[in-house]
Structure formats: C-alpha cells, structure tokens
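What follows is a set of notes on a single structure, which appears directly below.
Protein chains: 2
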Amino acid sequence: MIQAPLQAQTRADEAFDCLQTAIVKGDLAPGEKIGEVELCSRFNLTRGPLREALGRLESRGLLVRRPHAGVKVVSVSAAELLELYRIREVMEGLAARQAAERMPDEEIRDLLATLDTHERMIEEAQGQAYYQAEGDYDFHHRIATGSRNTKLAQMLLGDLYYMVRMYRYRLSTSAGRPHLALGEHRRIVEAIAQRDGELAEFLMKRHINAARQNIEKKIDEGVLTI
Amino acid sequence: MIQAPLQAQTRADEAFDCLQTAIVKGDLAPGEKIGEVELCSRFNLTRGPLREALGRLESRGLLVRRPHAGVKVVSVSAAELLELYRIREVMEGLAARQAAERMPDEEIRDLLATLDTHERMIEEAQGQAYYQAEGDYDFHHRIATGSRNTKLAQMLLGDLYYMVRMYRYRLSTSAGRPHLALGEHRRIVEAIAQRDGELAEFLMKRHINAARQNIEKKIDEGVLTI
DNA sequence: GTAGGCTGAATTGTTGACAATCGTTTGAGG
DNA sequence: CCTCAAACGATTGTCAACAATTCAGCCTAC
Chain X
1 MIQAPLQAQT RADEAFDCLQ TAIVKGDLAP GEKIGEVELC SRFNLTRGPL REALGRLESR
61 GLLVRRPHAG VKVVSVSAAE LLELYRIREV MEGLAARQAA ERMPDEEIRD LLATLDTHER
121 MIEEAQGQAY YQAEGDYDFH HRIATGSRNT KLAQMLLGDL YYMVRMYRYR LSTSAGRPHL
181 ALGEHRRIVE AIAQRDGELA EFLMKRHINA ARQNIEKKID EGVLTI
Chain S
1 MIQAPLQAQT RADEAFDCLQ TAIVKGDLAP GEKIGEVELC SRFNLTRGPL REALGRLESR
61 GLLVRRPHAG VKVVSVSAAE LLELYRIREV MEGLAARQAA ERMPDEEIRD LLATLDTHER
121 MIEEAQGQAY YQAEGDYDFH HRIATGSRNT KLAQMLLGDL YYMVRMYRYR LSTSAGRPHL
181 ALGEHRRIVE AIAQRDGELA EFLMKRHINA ARQNIEKKID EGVLTI
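Each protein sequence line maps, in turn, to chains X and S. Take the first sequence: its letter number 178 is residue 178 in UniProt numbering, and every next letter is one higher. Take the second sequence: its letter number 211 is residue 211 in UniProt numbering, and every next letter is one higher.
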C-alpha cells in the first residue's frame with residue numbers, strides 16, 4: 001500500500017499521482033499487466049476514481065488499455081527512447097530561446113544559484129549520479145516554465161519528462177558525465193542571461209543531442225539493455 | 001443530441017469522441033461552463049463514462065476542471081494561439097526531416113496525389129477556404145505519421161492539431177493564401193522525395209512561420225478577434 | 001498428436017443511488 | 001443602502017451492484 005505523494009484535491013487526483021509515481025519509479029514494471037481490483041486494494045481506492053485516473057494516464061501514453069482485456073504499463077523500446085530525445089532537442093531548444101526572451105531576471109538569478117547547489121552536490125556525492133539526474137531534471141524544468149509558453153511547458157512537463165524519468169530511475173543514464181553536463185548547463189544560462197535566444201537554443205539542442213549520443217553509445221556497447 | 005462520429009469500442013471512447021468534436025466544431029463554445037448531467041442528456045450517456053472522457057480531455061488541455069465547481073471549455077487567447085504555432089514550427093520541422101529519412105516511397109507518391117486533389121479542390125471551390133483548411137490538415141497529418149516517430153505523431157495529432165483546428169473552424173484562418181500554401185506544400189514534398197531532410201525541415205519551419213505571421217497580421221488589423 | 005471450437009470463470013464496462021462540497025440567495029445587522 | 005453570514009439548492013465526487021465481454025482450459029474431431 002502506497003500513500004499519495006501530494007495532497008490531492010480528489011480521489012481521482014490521488015489515484016493519478018500514485019499510479020504515475022509508481023510507473024516512473026518502476027514499482028509497476030513496463031509491460032506488466034495489472035488488474036483493476038488489484039490496483040484498488042494496493043492504493044486503497046474504489047474503481048470509479050481509479051478508472052478515471054487510468055483514462056488520464058492512457059491519454060498521456062504511460063499505459064495502454066485494451067477493452068475488456070486489462071491495462072498494462074507501456075514498454076518503450078530503445079529506438080523509441082532515442083526518438084524521445086529527438087523531440088526534446090527541438091522542443092527544449094525552443095524553450096531555451098523563449099526563456100532568453102522572457103524569463104525574469106530574478107528567475108535567472110535563482111537558476112544560477114541552483115546550478116551552484118548542483119555543483120556542490122556532485123562534488124559531495126561523488127559518483128552518485130542520482131543527484132545529478134535530479135538536478136538535471138530541475139534545470140530543464142525551470143527552463144520549460146521560464147519560456148512562459150504555457151502549452152510548451154505543459155507538453156514538456158506533463159508528457160515527455162515523465163517518460164524520460166521512467167528510464168532515468170532504471171538506468172541512471174547520464175552517469176559518467178556530470179561535470180560535463182553542468183558546464184553545458186552553465187553556458188546555456190549565461191546565454192539566457194545575456195538575452196541571446198539564438199545561442200541559448202543552439203546550446204540547448206547540442207546539450208540534449210550529446211545526451212542522446214551518450215545513451216546511443218551505451219546501447220551499442222551493450223551496457224544498457226532495454 | 002449528437003451521434004458518435006466513429007464506432008467507438010466503449011461508451012467512454014464514444015463520449016470522448018463526441019466531446020472532442022463538439023469542442024473542435026464550436027458546438028461547445030470556449031469559456032462555456034457545462035454541467036455533467038446536461039452533457040449526459042445531450043450525448044445520451046451516463047455519468048461514469050462521461051467522467052472518464054472528461055478526465056482524458058482535461059489531460060489533453062481541451063477543458064479545465066475545478067473540483068466541485070464544474071468543467072468549462074478552455075479559452076485560448078490570441079497570444080497563446082501564436083505560441084501554438086511556435087511549437088508547431090519546431091515539431092513539424094522535425095517531423096518533415098524524419099519523414100524525409102523514413103517515409104516509404106509509396107506514401108510519398110500518395111501524398112503527391114493528395115496535393116493534386118487539393119489543387120482541384122481549390123480551383124473548383126474558389127474562395128471557399130474550408131476545403132483548403134481540411135486539405136492543409138490532411139497534409140500535415142500525413143507528414144506527422146510519415147515521420148515514423150510514434151511519440152511525435154501522437155503529440156502532434158493528439159494534442160496540437162485539435163487545438164489549432166478549434167480555431168480553424170471559427171476563423172478559417174488561412175483564407176486568402178490557398179495557392180501560396182499549396183506551393184509551399186509541394187516544395188516540402190519535393191524535398192522529402194529527394195530525401196533531403198535538412199531542406200524539408202527548413203521549408204516546413206518557414207511554411208508554418210508564414211502561417212503564424214499571417215494570423216498575427218490579421219489580429220493586428222483587427223480582422224480576427226479572439 | 002494437433003488444431004479447432006466450446007464452456008465457464010474472471011475481469012472489465014456500465015449503471016443508478018448516496019454523500020460531500022460549492023455557489024447563490026435570502027435575511028439580518030450596521 | 002450596503003455588507004456579511006448562514007442556509008438552501010444544485011452539482012460534483014464516490015460507492016457498490018449488475019451486465020457484457022474476453023481469456024483460459026478442456027474436450028472433441030481429424
């Protein structure tokens with residue numbers, strides 16, 4: 001039995017949060033076929049709110065549902081994971097450009113301070129890439145909201161990041177290049193601070209492209225098996 | 001009372017389709033506050049499947065729902081509509097590039113044939129921009145699926161296009177430049193046929209950028225009031 | 001021995017009734 | 001006359017029982 005992470009305003013919200021974190025954290029393995037009644041007893045819910053949450057999750061592509069046949073967690077292939085990074089490349093590139101145009105000075109200062117925190121975290125917890133992964137998520141999160149493009153932020157935060165994080169937890173992808181990534185983050189923020197949208201977009205696209213190539217290399221080497 | 005557009009496999013699917021088309025077609029005006037029981041009698045449904053569909057639609061951003069306070073159709077401002085086109089620019093640019101890399105020859109031939117059909121439509125129904133709008137939708141639809149990027153196609157077809165179409169029906173935006181748009185379409189397909197991904201991306205981005213500027217101009221002129 | 005169809009059980013989809021919450025209206029007080 | 005508060009009404013959120021469909025196992029036929 002798992003409790004709700006945030007105080008949800010309704011049972012359906014609670015169910016949605018529970019299931020989402022369960023999927024992202026890997027408590028519900030990809031491809032796993034799950035019954036509704038089992039989920040109900042596991043999360044202390046009734047089937048009404050649960051079904052509502054299942055509908056939302058299906059619409060977001062985190063699970064697939066065949067009529068009368070049950071639901072199962074979506075399983076993303078290696079090729080599809082790389083495709084995800086291709087989408088991130090162009091969307092976050094746009095986010096960086098618009099953040100350079102619109103992000104308030106105060107938020108930029110906060111973001112710089114956050115990067116310092118990340119640096120300390122990396123130095124302290126050497127090798128523990130987990131913090132770096134969380135820090136990386138935080139960075140991209142702030143850029144997305146900083147773009148002041150409602151729909152763009154919604155698509156990045158609501159759709160893409162959850163799917164990417166799903167594999168972050170499992171593989172700790174960016175292990176090995178924490179300092180490198182941090183340096184790239186810094187240069188992106190510098191470009192945003194100088195209100196150079198074109199440069200910010202270029203740097204962000206290159207940053208994500210590098211991350212993608214890193215994953216691709218590991219897959220080719222057989223280190224990552226998906 | 002409105003019937004389901006496609007044969008849905010379940011009541012919830014039916015509800016989802018009905019509501020989606022109703023919102024897109026404008027039968028449910030933006031900002032309109034609607035009660036659940038009213039929707040039930042209108043679409044011949046019970047509240048269970050309806051609520052499931054509402055959850056899906058909320059997750060897709062077509063309506064907003066406050067607990068115990070009812071649901072209302074989302075109302076997009078002029079600024080947000082332009083932001084949508086910014087997102088389309090980068091995402092469909094990527095779609096065009098990947099379509100150039102992966103779209104089968106047969107699909108490309110079909111697409112070319114479709115363009116010929118569009119041309120006849122424009123010549124026959126002079127000034128009636130409706131057909132052009134539908135044709136335009138068809139074109140972008142095919143490029144998206146042609147990219148063979150599952151998530152990209154899902155995001156374009158499932159999220160963005162419905163919001164754009166919502167305003168197409170109301171404003172018939174691209175009225176006035178049907179032949180221009182068709183020519184741009186042709187050049188994009190030519191680039192795809194020649195497997196020139198870089199050029200296809202460039203042309204697609206410019207095409208959507210032109211459409212955005214067209215809308216922006218009309219808004220400034222006061223022709224379009226949103 | 002294998003392929004095909006059939007029956008039964010389990011699971012999902014649906015329905016209607018019940019409980020909780022919010023908005024509105026009405027009344028009293030300043 | 002205006003403001004604030006409380007109760008009413010309406011609407012949403014939740015629940016448990018019913019109906020429909022699929023899947024698995026078994027039997028039969030070839």
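Beta carbons: idealized from backbone N, C-alpha and C, even for Gly.
Next on the checklist: On the DSSP letters alone, give me the boundaries of the beta strand (DSSP E) that X:Arg65 sits inside.
Outcome noted: Leu63 to Arg66
Checklist entry - Whose CA, out of S:Glu107, S:Glu32 and S:Leu54, lies closest to the CA of S:Cys40? => result S:Leu54
Checklist entry - Leaving out the 5 sequence neighbours to the left and right, which residues in its chain are closer than 6 Å to X:Pro49 when beta-carbon positions are compared? => result Arg11, Ala12 and Ala15
Checklist entry - In whole angstroms, what separates the C-alpha of S:Ser147 from that of X:Leu84? => result 13 Å
Next on the checklist: Can you list, in chain order, the residues of its chain with a C-beta nearer than 7 Å to that of X:Leu6? Leave out the 5 residues immediately preceding and following it.
Outcome noted: Any reading at X:Leu6 must be qualified, since the residue scores a pLDDT of 44, below 50, and its modelled position is unreliable; no value is offered.
Item to check | Interface flag, S:Lys151 vs chain X, CB-CB below 7 Å | outcome: yes
Checklist entry - Assuming residue 231 of chain X contacts X:Glu92 under a Cβ cut-off of 8 Å, what Cβ separation, rounded to an integer in Å, is found between them? => result Any answer about residue 231 of chain X is impossible in this case: the structure gives chain X only from 1 up to 226.
Checklist entry - Closer than 7 Å, Cβ to any Cβ of chain X: which residues of the segment 51 to 77 of chain S, in chain order? => result Arg51, Glu52, Gly55, Arg56, Ser59, Arg60, Gly61 and Pro67
Checklist entry - Within 10 angstroms of its Cβ, does S:Met1 collect 16 or more other Cβ (buried), or is it exposed? => result Confidence at S:Met1 is low in this model, with a pLDDT of 38, below 50, so the placement of that residue is unreliable and no value is reported for it.
Checklist entry - Among all the DSSP beta bridges, which residues are the ones paired with X:Ile34? => result X:Val71
Item to check | residue 227 of chain S in three-state terms, based on DSSP | outcome: Outside the shown range of chain S, which is 1 to 226, sits residue 227 of chain S, and nothing can be said about it.
Checklist entry - Could you give the distance in angstroms between the alpha-carbon of S:Lys25 and the alpha-carbon of S:Arg177? => result 22 Å
Checklist entry - Along chain S, in chain order, which residues have C-beta atoms closer than 8 Å to that of X:Met91? => result Ile87, Val90 and Met91
Next on the checklist: Would X:Glu101 pass as an interface residue toward chain S - the criterion being a Cβ-Cβ separation below 7 Å?
Outcome noted: no
Checklist entry - For X:Ala96, which of helix, strand or coil comes out of DSSP? => result helix
Next on the checklist: When you compare the segment 73 to 80 of chain X with the segment 183 to 193 of chain X, are there three or more beta-carbon pairs, one atom per stretch, that lie closer than 8 Å?
Outcome noted: no
Checklist entry - Are there 16 or more other CB atoms within 10 angstroms of the CB of X:Arg60, so buried, or fewer, so exposed? => result buried
Next on the checklist: Do S:Leu111 and S:Val164 have their beta-carbon atoms positioned less than 7 Å apart in this structure?
Outcome noted: no
Item to check | Cut-off 6 Å between Cβ atoms - residues of its own chain near X:Gly197, not counting five sequence neighbours on either side | outcome: Arg97, Ala100 and Glu101
Next on the checklist: Quick check on this structure: which residue in X:Ala191, X:Asp220, X:Lys218 and X:Ile23 has the alpha carbon closest to the alpha carbon of X:Asp105?
Outcome noted: X:Ala191
Next on the checklist: On a Cα-Cα basis, can you pick out the residue from S:Met103, S:Gln154, S:Ala113 and S:Ile87 that is closest to X:Thr150?
Outcome noted: S:Ile87
Item to check | Pairwise C-alpha distance: X:Tyr167 and X:Ala29 | outcome: 11 Å
Item to check | Rounded C-alpha distance that separates X:Asn44 from X:Leu157 | outcome: 27 Å
Checklist entry - Does the ligand FMN have a heavy atom nearer than 6 Å to the CB of X:Ile34? => result The ligand FMN is absent from the structure shown, which contains no ligands of any kind.
Next on the checklist: Residues of chain S with CB closer than 7 Å to the CB of X:Asp159, please, in chain order.
Outcome noted: Met155
Checklist entry - At a CB-CB cut-off below 8 Å, which residues of chain S make contact with X:Gln9? => result Pro67
Checklist entry - Applying the criterion that 16 or more other CB atoms from any shown protein chain within 10 Å of the CB defines a buried residue, is X:Glu89 buried or exposed? => result buried
Next on the checklist: Quick check on this structure: which residue in X:Glu38, X:Gly31 and X:Leu19 has the alpha carbon closest to the alpha carbon of X:Glu52?
Outcome noted: X:Leu19
Next on the checklist: How far does the alpha helix (DSSP H) with S:Leu50 in it extend, from its first residue to its last?
Outcome noted: Arg47 to Ser59
Checklist entry - In the segment 191 to 223 of chain S, which residues sit with their C-beta less than 8 Å from some C-beta in chain X, listed in chain order? => result none
Next on the checklist: Against S:Glu36, what residues of chain X qualify as contacts under a CB-to-CB distance less than 9 Å, listed in chain order?
Outcome noted: Going along chain X, no residue has its Cβ under 9 Å from S:Glu36, so there is no contact; the nearest lies around 13 Å.
Next on the checklist: Give me the chain X residues within the contact set of S:Glu83, using Cβ-Cβ distance strictly less than 8 Å, ordered along the chain.
Outcome noted: Asn149, Thr150, Lys151 and Leu152
Item to check | X:Gly35 burial status per 10 Å Cβ neighbour count (16 or more: buried) | outcome: exposed
Item to check | Span of the alpha helix (DSSP H) around S:Thr21 | outcome: Arg11 to Lys25
Checklist entry - Is it the case that the Cβ atoms of X:Ile143 and X:Ala113 are separated by a distance below 7 Å? => result no
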